[in-house]
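Undergrad:
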Amino acid sequence: MKKYIVSILVLFVCATSISQNKKDVLLTVNGKPVYSSEFIRVYSKNLDLVKEESQKSVDGYLDLFIDYNLKVAEAHAEKLDENKAYIDEFNKYRDQLSRNYIYEEEVTNELAHEAYDRGLEEINADHILILADYEDSPQDTLKAYNKAKMVLDKARAGEDFETLVKTYSEEPNANKSAGKLGYFTVFNMVYPFENMAYNTKPGKISNIVRTRFGYHIIKVNDRRIRAEKISVSHIMIADNGEERTFDPKERINEISALLKQGETFESLAKQYSDDKNSAKQGGKLSSFRRGDLRAPEFEDAAYNLQKSGDVSDPVKTQFGWHIIRLEEKFPITTFEDEKEQLLSKLKGGLRSKMVTSALNDKIKELFDYKVVTGYKKYFNDELKTDYFGKDWKFADVDASKNKVIFKLDKKEFTYNDFGAFLTKGQRRIGGFKQKDNMLASFYDEFETFELLKYYKENLEEENEEYGAILNEYRNGLLIFDVMNENIWTKAKNDSVGLKKFYETIKNNYQWGERVEGVIYSATSNEAAKQVESLLKEAKTADEIKAAMNTDDTVNVIVSDGKFELGKRELPESFNAIKGVSPIYSKDNRFVIVNVREVMPSEVKELDAVKGKVMSEYQTYLEKTWIEGLRSKYDVEINKKALKKVKKELNS
């Protein structure tokens, strides 16, 4: 929630990486300069987000820009930038953001294209696993490989693969699973396994492939095109609703029956669906692919529909009951459409190590990397038995420990730095059986960590866009905190002030004329006349439903409650008179309303409109607060610079 609000608050970003002495000072806020380039950037970027036409002019937008900078100034004055929560969240975001800018482009793009191509297909395969750890002795490793080779020879000689799985596979639960993996696609398996599977033809058995789990033999059974993106419409009846007087399952079955009787999907969605957003569009949802939604039951039902216009039976999900209609099947998306998501997924697994290696080379070239050899012998001698007992410490006792291992520009990384890294690494030595392997692995980690850390520390200077976005989030967090402190929390806790404010605006919140009663929506004029006759006999709503509907046929849908004139539940030309109304017809719906009471227009109680009143109250408090900030802080505008800005933006 906080990140979402911050993204809305951040209307303005400051391009900090251009040398400030090359910019014109547009204004000063409490003595702090704000540059013309900053204003031009945010004005050009965010003009479409401004709703009021008066604020779209340079002068009007400048007022918003000043208010923004006043809020930042107040946040610093209240020392909100020193709060631990703020610092932690900013650092977390900076780390996440930097990952989007720190990668080796050529290698990354090659891997992204490979992943996209593989993602167009799904593979069905079985496998046999012979366990082997990278830390096993050479003798144990060879023994495991020879066993895998023996099993491979049997498989290629024609022996039954499932029997071989149950006889030789060391995968847990192999006897039960029979080594069957089902269908999978890119990123579902570790990279070496994926590589081998995608390079083995259906019906063939792969060569032996090594992963961190051991040696695998893969039998590829099938390859198929991956499911395309689809769009659907739905009618949803939620499990819980306001003033609900009916059973959701019964209602969805009634609607399903109406569809089978020829009612249109769009009209029923508009009239009955509890998904108000899609109901306005006749139930239409945004397109999706399998796995995009949080409702597998919904996806399964949607993908089981074969052609446009096909309609599902009622489907139960965590959100309620649905009827789904297939609208369209889309062609597979392009690489450019999926590029950002693919790049994000490349940051895990073996692919990430390939990217990291390329990135390390890039950083070394960028920052004049120099390495000094000799550390291996020194640390092999230092790592005595007590290191494996987790009691080892790299104490600074002799000058040799200040020797340089490598340099980046003028920054030196010493034996002491690596020793401290090794000290922390003792808790992770359980996975190593060979000291040489452990030392090499820890050194690679140490060097990668320091290279990346140094690059991040200098990234704002290296990448202008990154610096601007980072400053955007920095100020956005501060504005969230200062607004929360001075506006939102105050409004939430000030029940007395909220009530007083409500009294000044309550006439803006009125119920229209309403009726309390029962709406009977019939499928035909004849059915409506039957309802009319039953009402004259003083039959209850339940009695009318029982008389009109069967398990197979729904002739009337009944809704009991309070209904406002002009809303979708009542006919457009409905005349609010107590008693049984005449029959109203529209779009093949025939409606009768039994009005128990006509309720005149009246002011809505605070509890009924609290959210809207709270929003107005917060706006009022913010306006008053901003007026105070304008009095508290000096704001000076450089008219000459402003004139240049207007000329540039209007050219």
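Quick note: the sequence shown uses our numbering, first residue 168, plus one each step.
Backbone N, C-alpha and C fix where the C-beta goes; we use that ideal spot for every residue, glycine too.
Computed from a predicted model, the values in this text were never measured in an experiment.
(1) Suppose the cutoff is 7 angstroms on Cβ atoms and the five residues either side in sequence are ignored; what does the same chain contact list for Asn784 look like?
(2) Mind pulling the beta strand (DSSP E) runs of 3 or more residues that sit fully within the region 654-723?
(3) Can you name the residues that DSSP bridges to Asp727?
(4) Is Phe580 helix, strand or coil when you go by DSSP?
(5) Rounded to whole angstroms, what's the CA-CA distance from Leu834 to Leu606? Just pull it up for me.
(6) Just to confirm the assignment, what range does the alpha helix (DSSP H) spanning Arg797 have?
(7) Express the C-alpha separation of Leu732 and Gly679 in angstroms, rounding to a whole number.
(8) With a CB to CB cut of under 7 angstroms and the five nearest residues on each side skipped, what residues in its chain are close to Tyr800?
(9) Give the C-beta separation of Leu214 and Ser203 to the nearest angstrom, bearing in mind that I take them to be a contact with Cβ-Cβ under 8 angstroms.
(10) Grouping DSSP H, G and I as helix and E and B as strand, with all else coil, what is Asp340?
(11) Quick one: using the 10 Å Cβ neighbour count with 16 as the cut-off for buried, is Gln473 buried or exposed?
(12) Where does Ile233 sit, in a helix, a strand or coil, going by DSSP?
(13) Phe465 to Asn722, Cα distance in whole Å?
(14) Nearest by alpha-carbon distance to Phe573: which of Lys591, Phe561 and Tyr610 is it?
(15) Give the C-beta separation of Trp488 and Lys416 to the nearest angstrom, bearing in mind that I take them to be a contact with Cβ-Cβ under 8 angstroms.
(16) Sort out for me which residues DSSP pairs Gly746 with in a bridge.
(17) Apart from the five residues just before and just after Lys821, which ones in its own chain have a Cβ nearer than 8 angstroms to its Cβ?
(18) Counting pairs of Cβ atoms below 8 angstroms between the region 314-321 and the region 350-360, do you hit three or more?
(19) Is Asp327 helix, strand or coil by DSSP?
(20) Under three-state DSSP, which class holds Met356?
(21) By a C-beta neighbour count over all protein chains shown, 10 Å radius and 16 as the cutoff for buried, is Asp754 buried or exposed?
(22) Could you spell out where the beta strand (DSSP E) holding Lys531 opens and where it closes?
(23) Could you pull out every residue in the same chain whose Cβ sits closer than 8 angstroms to the Cβ of Phe757, ignoring the five residues on either side in sequence?
(24) Three-state secondary structure (DSSP) at Phe206?
(25) Pick helix, strand or coil for Pro738, following the three-state DSSP scheme.
(26) Should Gly450 go down as buried or exposed, given a rule of 16 or more other Cβ atoms within 10 Å for buried?
TA: Walking through what the data contain:
(1) Here the question's residue 784 lines up with position 617 in the sequence shown. According to the sequence displayed, residue 784 carries Tyr and not Asn. Excluding positions up to five away in sequence, the list reads Ala658, Leu665 and Phe668.
(2) If we require 3 residues or more, the beta strand (DSSP E) runs fully inside the region 654-723 come out as 681-689.
(3) On the sequence shown, position 560 is the one that residue 727 refers to. BP columns for Asp727 point to Val685.
(4) If you number the sequence shown from 1, residue 580 lands on position 413. The answer is strand: DSSP assigns Phe580 an E or B state.
(5) With the chain covering only 168 through 818, there is no way to say anything about residue 834.
(6) On the sequence shown, residue 797 is found 630 positions in, with the first residue counted as 1. Its alpha helix (DSSP H) spans residues Lys777 to Lys799.
(7) Against the sequence shown, residue 679 aligns to sequence position 512. Against the sequence shown, residue 732 aligns to sequence position 565. Roughly 7 angstroms between the two C-alpha positions.
(8) Here residue 800 is taken as the residue at index 633 of the sequence shown, counted from 1. Here the set comprises Val196, Asn197, Leu237 and Ala240.
(9) For the purposes of this step, residue 214 is identified with residue 47 of the sequence shown, where counting begins at 1. For the purposes of this step, residue 203 is identified with residue 36 of the sequence shown, where counting begins at 1. Actually they do not touch by this definition, with Cβ atoms about 16 angstroms apart.
(10) Position 173 of the sequence shown, counted from the start, is the residue given in the question as residue 340. Here residue 340 is Asn; the residue named in the question, Asp, does not match the sequence. Note: Asn340 maps to coil in three-state DSSP.
(11) As a working note, residue 473 is residue 306 in the sequence shown. Answer is exposed; the Cβ neighbour count stays below 16.
(12) Walking along the sequence shown from the start, residue 233 turns up at place 66. It is helical.
(13) Taking the first residue of the sequence shown as position 1, residue 465 is located at position 298. Taking the first residue of the sequence shown as position 1, residue 722 is located at position 555. Across the structure, Phe465 and Asn722 are spaced so that their CA atoms are roughly 28 angstroms apart.
(14) Translated into the one-based positions of the sequence shown, residue 573 becomes position 406. When each option's Cα is compared against that of Phe573, the closest is Tyr610.
(15) In the sequence shown, counting from the first residue as 1, residue 488 sits at position 321. In the sequence shown, counting from the first residue as 1, residue 416 sits at position 249. Yes, Trp488 and Lys416 are in contact; Cβ-Cβ is about 6 angstroms, under 8 angstroms.
(16) The residue given as residue 746 occupies position 579 in the sequence shown. In the DSSP secondary-structure assignment, Gly746 is bridged to Val762.
(17) Given a span of 168 to 818 for the chain in the structure shown, any question on residue 821 remains unanswerable.
(18) No, the region 314-321 does not touch the region 350-360.
(19) Here residue 327 corresponds to residue number 160 of the sequence shown, with the count starting at 1. Coil.
(20) Indexing the sequence shown from 1 puts residue 356 at position 189. It is coil, neither helix nor strand.
(21) Counting from 1 along the sequence shown, the entry for residue 754 is found at position 587. With fewer than 16 Cβ atoms within 10 Å of its Cβ, Asp754 is classed as exposed.
(22) Along the sequence shown, one-based indexing puts residue 531 at 364. Per DSSP, Lys531 belongs to no beta strand (DSSP E); it is in the alpha helix (DSSP H), Gly516 to Leu533.
(23) The residue given as residue 757 occupies position 590 in the sequence shown. Answer for Phe757: Ser688, Ala689, Thr690, Ser691, Asn692, Ala694, Ala695, Ile750 and Tyr751, listed in chain order.
(24) The count along the sequence shown starts at 1 and reaches residue 206 at position 39. DSSP places Phe206 in helix when its eight states are reduced to three.
(25) Your numbering for residue 738 matches position 571 in the sequence shown. Look at Pro738 here: in three-state DSSP terms it is coil, with no helix or strand label.
(26) Here the question's residue 450 lines up with position 283 in the sequence shown. Classification for Gly450: buried.
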